[in-house]
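Visitor:
2 protein chains.
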Amino acid sequence: MSKAYRVGILGATGAVGNELLELLESRNFPLADLKLLASERSVGKNLPFKGENIAIEAVNENSFKNIDILLASAGSSTSKAWAHKAVDAGAVVIDNSSAFRMNPEVPLIVPEVNPDAAANHKGIIANPNCTTILMAVAIYPLHKIKKIQRIVAATYQSASGAGAKAMAEVQAQASAILAGKKPPTEVFPYPLAFNLFPHNTPLNDMGYCEEEMKMVNETQKIFGTQNIRITATCVRVPVLRAHSEAINLEFAEPFSANEAREILKKAPGVKVVEDWQANYFPMPIDATGRDEVLVGRIRQDISHACGLELWLCGDQIRKGAALNAIQIAELLVEKNIVKPANALVSR
Amino acid sequence: MSKAYRVGILGATGAVGNELLELLESRNFPLADLKLLASERSVGKNLPFKGENIAIEAVNENSFKNIDILLASAGSSTSKAWAHKAVDAGAVVIDNSSAFRMNPEVPLIVPEVNPDAAANHKGIIANPNCTTILMAVAIYPLHKIKKIQRIVAATYQSASGAGAKAMAEVQAQASAILAGKKPPTEVFPYPLAFNLFPHNTPLNDMGYCEEEMKMVNETQKIFGTQNIRITATCVRVPVLRAHSEAINLEFAEPFSANEAREILKKAPGVKVVEDWQANYFPMPIDATGRDEVLVGRIRQDISHACGLELWLCGDQIRKGAALNAIQIAELLVEKNIVKPANALVSR
Chain A
1 MSKAYRVGIL GATGAVGNEL LELLESRNFP LADLKLLASE RSVGKNLPFK GENIAIEAVN
61 ENSFKNIDIL LASAGSSTSK AWAHKAVDAG AVVIDNSSAF RMNPEVPLIV PEVNPDAAAN
121 HKGIIANPNC TTILMAVAIY PLHKIKKIQR IVAATYQSAS GAGAKAMAEV QAQASAILAG
181 KKPPTEVFPY PLAFNLFPHN TPLNDMGYCE EEMKMVNETQ KIFGTQNIRI TATCVRVPVL
241 RAHSEAINLE FAEPFSANEA REILKKAPGV KVVEDWQANY FPMPIDATGR DEVLVGRIRQ
301 DISHACGLEL WLCGDQIRKG AALNAIQIAE LLVEKNIVKP ANALVSR
Chain B
1 MSKAYRVGIL GATGAVGNEL LELLESRNFP LADLKLLASE RSVGKNLPFK GENIAIEAVN
61 ENSFKNIDIL LASAGSSTSK AWAHKAVDAG AVVIDNSSAF RMNPEVPLIV PEVNPDAAAN
121 HKGIIANPNC TTILMAVAIY PLHKIKKIQR IVAATYQSAS GAGAKAMAEV QAQASAILAG
181 KKPPTEVFPY PLAFNLFPHN TPLNDMGYCE EEMKMVNETQ KIFGTQNIRI TATCVRVPVL
241 RAHSEAINLE FAEPFSANEA REILKKAPGV KVVEDWQANY FPMPIDATGR DEVLVGRIRQ
301 DISHACGLEL WLCGDQIRKG AALNAIQIAE LLVEKNIVKP ANALVSR
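Residue numbers (the UniProt record's numbering), protein chains in the order written: chain A, 1 to 347; chain B, 1 to 347.
1. If you measure beta-carbon to beta-carbon, which residues of the segment 197-212 of chain A are closer than 7 Å to chain B?
2. Since proline 238 of chain A contacts leucine 264 of chain A with CB under 8 Å, what's their CB separation in whole angstroms?
3. Check the Cβ of glutamate 309 of chain B against every Cβ in chain A and list those closer than 7 Å, keeping chain order.
4. Looking at the unbroken alpha helix (DSSP H) that takes in cysteine 130 of chain A, where does it start and where does it end?
5. Is the beta carbon of asparagine 46 of chain A closer than 8 Å to that of alanine 72 of chain A?
6. In this structure, how does DSSP classify isoleucine 317 of chain B when only helix, strand and coil are distinguished?
7. With distances taken from CA atoms, which of B:Ser244, B:Gly307 and B:Gly207 is nearest glutamine 300 of chain A?
8. Looking at chain B, is there any beta carbon in it that lies within less than 8 Å of the beta carbon of phenylalanine 188 of chain A?
9. Exposed or buried, proline 128 of chain B, counting other C-beta atoms within 10 Å across all chains shown (16 or more means buried)?
10. Pick out the complete beta strand (DSSP E) segments inside the segment 236-277 of chain B, 3 residues or longer, and give them in chain order.
11. I'd like the list of long-range same chain contacts for alanine 193 of chain A, defined as Cβ closer than 7 Å, with 5 residues on each side in sequence excluded.
12. So glutamine 157 of chain B packs on histidine 243 of chain B, CB below 8 Å; how close in whole Å?
13. Compute the distance between the beta-carbons of valine 270 of chain B and alanine 83 of chain B, then report whether it is under 8 Å.
14. Which chain A residues are close to serine 98 of chain B, counting only those with a beta carbon under 8 Å from its beta carbon?
15. Which residues of the segment 123-137 of chain A have a Cβ closer than 8 Å to any Cβ of chain B? Give them in chain order.
16. Please classify arginine 229 of chain A as buried or exposed, where buried requires at least 16 other C-beta atoms within 10 Å of its C-beta.
17. For the ligand GTP, any of its heavy atoms closer than 7 Å to the Cβ of glutamate 253 of chain A?
18. Taking the straight line between their C-alpha atoms, what separation do you get for asparagine 120 of chain A and valine 293 of chain A?
19. Could you check whether the segment 248-265 of chain B touches the segment 160-169 of chain A, counting it as contact only if at least three pairs of C-beta atoms, one from each stretch, sit closer than 8 Å?
20. Taking the DSSP output, what are the residues bridged to valine 295 of chain B?
21. Can you give me the C-alpha to C-alpha distance between serine 98 of chain A and leucine 134 of chain A, rounded to a whole angstrom?
22. With a threshold of 6 Å on Cβ separation, who are the neighbours of phenylalanine 100 of chain B within its own chain once the five nearest residues in sequence on each side are excluded?
23. Report yes if the CB atom of residue 372 of chain B is closer than 8 Å to the CB atom of arginine 297 of chain B, and no otherwise.
24. Are the beta-carbon atoms belonging to isoleucine 9 of chain A and valine 110 of chain A less than 8 Å from one another?
25. Would you list the one or two residues that DSSP bridges to arginine 6 of chain B?
26. For chain A, check one thing: does any of its Cβ atoms lie closer than 8 Å to the Cβ of isoleucine 148 of chain B?
27. Quick one: complete alpha helix (DSSP H) runs, 4+ long, within the segment 196-238 of chain A?
28. For valine 345 of chain B, would you say it is in contact with chain A, using Cβ-to-Cβ distances shorter than 8 Å as the test?
29. List, from N- to C-terminal side, the beta strand (DSSP E) runs of 3 residues or more that fit wholly inside the UniProt domain "Semialdehyde dehydrogenase NAD-binding" (6-121) of chain B.
30. Am I right that proline 115 of chain B and isoleucine 285 of chain A are in contact with their C-beta atoms under 8 Å? What's the rounded C-beta distance?
31. For glutamine 316 of chain A, is the classification buried or exposed, using 16 other Cβ atoms within 10 angstroms of its Cβ as the cut-off for buried?
32. When DSSP labels each residue in this structure, what does isoleucine 148 of chain B get in the three-state scheme?
33. Since alanine 91 of chain A and leucine 70 of chain A are thought to touch, with beta carbons under 8 Å apart, how far apart are those beta carbons, to the nearest angstrom?
34. What would DSSP say about isoleucine 125 of chain A, mapped onto helix, strand or coil?
35. Am I right that alanine 232 of chain A and threonine 155 of chain A are in contact with their C-beta atoms under 8 Å? What's the rounded C-beta distance?
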């Protein structure tokens, strides 16, 4: 008897929404039904899925009645507006926005790290921030062996972090600059092509931006400890869709680079990419479209007896967002945390 | 009685060479004569200077006879081949390559940091690596007040670090990619446009690349201490000509961000660029063509009681190379470390 689920996507037309659709198809998620929800603006559009065209419906109070799992990827305000209504209608919501991530009643899940937390959900499960997910996948296997004490991270974040329009804007900016024209800046406050700037999310009183504080707070929540001290500098770079991160880790005791490498080679969701002879390490263009977080340049920190340095690249839209959400959905299915659509159970 | 000097530029046709010429003109360096030296390949070319065209001469054994200050910017092997010959002929060589930087007999100078070391020269003075210079200018004013214990740096290095051809290649790559074509890779091993990769200099046994070890070793030499532990991750990004760096500093005692900011506002060669309301901080496009190292996002490190985070951008060709060399030349003049061309002293 195979189980099947009625899935809804809220925000199907965005970069992450498109990727969710692709992953539901390519991973053959056990679907009983698929409903695509968006704002009124997108009504009339269709999106292809398994050879069919699925019409986009405007989200409203009655949208969630026949949905078992709602994948929400339409931003924080949309999630705040609709997530509880979906829960009330019986859906489990996997929310890709930041709306509920730090809510103590909402599990924040990276399936490679804290899958067991999913069982504690009260209707909403949050998908972490992209930079947080990528870092968590790469460093948790090390943390399991020897506890991480402190992280100093610097990020190299692609345009996709600001959505599909931002990706197009960087390309349009590059075209304009190459033609000697002024680059358009609608999505980003400053030109990103041939330039870069600190992540333009609001700053707190300590001078950290929201993106940096997500890395701090979400990582502590996912790892289930306040004992990891974290600092980060988040920077947008003119790359299309994979994020990179330079990560400095401090442990309480020495951790050899070779031991770390062997652990990461066997770690779920990680691919070690290191050709020391060819000076070939993870690059955004190689991480694009891939499920794994690519990790390389694993080396002893020469400035700290118990330090390790590593470098990672991961597809921001995929593992950084859509894939992690689908993996959470698969976890719900595998652990019977969500019930299949009874009427549609096939024999 | 004004002093004047006979200056030679070895490698005048490169990106740094061009900038040296521009700076000699714009800063009105007291020239008695200017000789442009290059390989046979460039002979026949002229370069404009103060409204004249100066012919490029092929460098040979007799090139250095009438030169007081030789600015060498043609790479390490050229410097190794000619620097000592220039010294033997009576010139003081300010060498922009890595050839002599770690030689204990050769002062390694950032004029804002260790100008007094210039007096100890034995004919050659080395100009540090670009990433090192930019970091040194920004952090030395803090180190003077409270000693830095450890630095964790991550860099965002522009194409100019690999020369003028590399800058053109990134633009050609961007054009190709936007047209759906394969990007050319002649200077760089991998596409840099819309991509990035760890700095492609040779790696040592510890897994650090040469660029990173330059930041480590040169900073210790310039600051005159082995007691600063330094680690760095150096990364090339698709930016044309200014480098950026995310710098985490650990001190032995707490250092308030406000105190650091006030110190840096008054520091030579530094411009604090921070508009916290507008989320506006140093960017490569703003640092390009400027003399100062732009510093911003100065903040207390929330992961370390004695830590500070800061972000900087600086023109890699200018302060990172040519300007620092010219400032060293100006220092030699100001401190009478090099003798003016006697026959040409004007009254």
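Beta carbons are placed, not taken as given, at the ideal position from N, Cα and C, and that holds for glycine. Computed from a predicted model, the values in this text were never measured in an experiment.
Guide: Concretely, from the data shown:
1. Phe197, Pro198, Asn200, Leu203, Met206, Gly207 and Tyr208
2. As a working mapping, residue 238 of chain A is identified with position 238 in the first sequence. As a working mapping, residue 264 of chain A is identified with position 264 in the first sequence. Between leucine 264 of chain A and proline 238 of chain A the Cβ distance is about 28 Å, and since that is not below 8 Å, they are no contact.
3. Counting from one through the second sequence, the residue named residue 309 of chain B turns up at place 309. What glutamate 309 of chain B touches in chain A: Thr231 and Thr233.
4. The count along the first sequence starts at 1 and reaches residue 130 of chain A at position 130. Taken as a continuous stretch (DSSP letters only), the alpha helix (DSSP H) holding cysteine 130 of chain A covers 130-145.
5. The residue labelled residue 72 of chain A in the question sits at position 72 within the first sequence. The residue labelled residue 46 of chain A in the question sits at position 46 within the first sequence. Taking 8 Å as the Cβ cut-off, alanine 72 of chain A and asparagine 46 of chain A do not qualify as a contacting pair.
6. Reading the second sequence from its first residue, position 317 is the one you call residue 317 of chain B. Of the three classes helix, strand and coil, the one that applies to isoleucine 317 of chain B here is coil, per DSSP.
7. For this step, residue 300 of chain A is matched to residue 300 along the first sequence. When each option's Cα is compared against that of glutamine 300 of chain A, the closest is B:Gly207.
8. Position 188 of the first sequence, counted from the start, is the residue given in the question as residue 188 of chain A. Answer no: the Cβ-Cβ gap between phenylalanine 188 of chain A and chain B never drops below 8 Å.
9. Numbered from 1 along the second sequence, position 128 holds the residue referred to as residue 128 of chain B. Under this definition proline 128 of chain B is a buried residue.
10. 242-251 and 270-272
11. Residue 193 of chain A sits at position 193 when you count from the first residue of the first sequence. The residues are Val170, Gln173, Ala174, Ile177, Pro183 and Pro238.
12. Numbered from 1 along the second sequence, position 157 holds the residue referred to as residue 157 of chain B. Numbered from 1 along the second sequence, position 243 holds the residue referred to as residue 243 of chain B. The Cβ separation is near 5 Å, so the contact holds.
13. Numbered from 1 along the second sequence, position 270 holds the residue referred to as residue 270 of chain B. Numbered from 1 along the second sequence, position 83 holds the residue referred to as residue 83 of chain B. No.
14. By one-based count along the second sequence, residue 98 of chain B stands at place 98. Per Cβ cutoff of 8 Å: no residues; serine 98 of chain B is ~17 Å from chain A at best.
15. none
16. Taking the first residue of the first sequence as 1, we reach residue 229 of chain A at position 229. Arginine 229 of chain A comes out buried.
17. Absence of the ligand GTP from the depicted structure is noted, as is the absence of any ligand whatsoever, leaving it without description.
18. Against the first sequence, residue 120 of chain A aligns to sequence position 120. Against the first sequence, residue 293 of chain A aligns to sequence position 293. Rounded to the nearest angstrom, the two C-alpha atoms are 27 Å apart.
19. no
20. Position 295 of the second sequence holds residue 295 of chain B. DSSP lists B:Val272 and B:Leu312 as partners of valine 295 of chain B.
21. The residue given as residue 98 of chain A occupies position 98 in the first sequence. The residue given as residue 134 of chain A occupies position 134 in the first sequence. Rounded to whole angstroms, serine 98 of chain A to leucine 134 of chain A spans 16 Å at the Cα level.
22. Here the question's residue 100 of chain B lines up with position 100 in the second sequence. Cβ within range, chain order: Val106, Ile124 and Ala126.
23. There is simply no residue 372 of chain B to check, as chain B begins at 1 and stops at 347 in what is shown.
24. To locate residue 9 of chain A, count along the first sequence from 1; it is residue 9. To locate residue 110 of chain A, count along the first sequence from 1; it is residue 110. It is not a contact, given that the beta carbons lie outside the stated cut-off.
25. Translated into the one-based positions of the second sequence, residue 6 of chain B becomes position 6. The partner list for arginine 6 of chain B (beta bridge, DSSP) reads B:Asp33.
26. Walking along the second sequence from the start, residue 148 of chain B turns up at place 148. Not one chain A Cβ lies under 8 Å of isoleucine 148 of chain B.
27. 210-223
28. Counted from its first residue, the second sequence places residue 345 of chain B at position 345. Summary for valine 345 of chain B: the model assigns pLDDT 47, below 50, so the residue's position carries little reliability; its value from the coordinates is reported in the next sentence. No, its Cβ sits nowhere closer than 8 Å to a Cβ of chain A.
29. 31-38, 46-49, 52-58, 69-72 and 92-95
30. Start at 1 with the first residue of the second sequence, and residue 115 of chain B comes out as number 115. Start at 1 with the first residue of the first sequence, and residue 285 of chain A comes out as number 285. Contact flag wrong, Cβ pair sits at about 44 Å.
31. To locate residue 316 of chain A, count along the first sequence from 1; it is residue 316. Under this definition glutamine 316 of chain A is a buried residue.
32. For this step, residue 148 of chain B is matched to residue 148 along the second sequence. In the structure shown, isoleucine 148 of chain B sits in a strand (DSSP, three-state: E or B).
33. For the purposes of this step, residue 91 of chain A is taken as residue 91 along the first sequence, with counting starting at 1. For the purposes of this step, residue 70 of chain A is taken as residue 70 along the first sequence, with counting starting at 1. Right, their Cβ atoms sit about 4 Å apart.
34. Taking the first residue of the first sequence as position 1, residue 125 of chain A is located at position 125. Here isoleucine 125 of chain A sits in strand by DSSP.
35. Indexing the first sequence from 1 puts residue 232 of chain A at position 232. Indexing the first sequence from 1 puts residue 155 of chain A at position 155. 7 Å between Cβ atoms; contact.
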